[in-house]
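A.B. asks: Here it is, the structure, as structure tokens.
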Amino acid sequence: MWQRGEKMIDPEIIGKRLLMLRKKSNMSRIEVAKLCEISKSAISMYEIGKRIPKDDIKIRLAKCYNTTVEKIFYL
């Protein structure tokens, strides 16, 4: 996936990317939460840049949006 020592970008940028991906996919927070088996409030916190998901949730989000973890969280 990503190389050792590679750093994540700013949480606010990650949040904007997640929001853009969700809007582009025409899904509600509830729909994404159900698909990723996490809470709606967690999705909200990720999208506003207040929290960064754990690795397993990063993978679920990337699959939900048909992209890679790297493109959302590291590039």
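What the sequence shown shows, in this note's numbering, is residues 1 to 75, in sequence order. Here a beta-carbon is modelled for each residue, glycine too, at the ideal position from N, C-alpha and C.
Quick one: Cα of residue 38 to Cα of residue 68, how far?
C.D. replies: 19 Å
A.B. asks: Classify residue 75: buried if its beta carbon has 16 or more other beta carbons within 10 angstroms, exposed otherwise.
C.D. replies: exposed
A.B. asks: When you compare the CB of residue 64 with every CB in chain D, is at least one pair closer than 8 Å?
C.D. replies: Of the protein chains in this structure there is only one, and it is not chain D.
A.B. asks: Return the CA-CA distance between residue 60 and residue 53, expressed in angstroms with no decimal places.
C.D. replies: Going by the C-alpha atoms only, they are around 10 Å apart.
A.B. asks: What separation, rounded to the nearest whole angstrom, lies between the Cα atoms of residue 16 and residue 24?
C.D. replies: 12 Å
A.B. asks: What did DSSP end up calling residue 27 once you bin it into helix, strand or coil?
C.D. replies: coil
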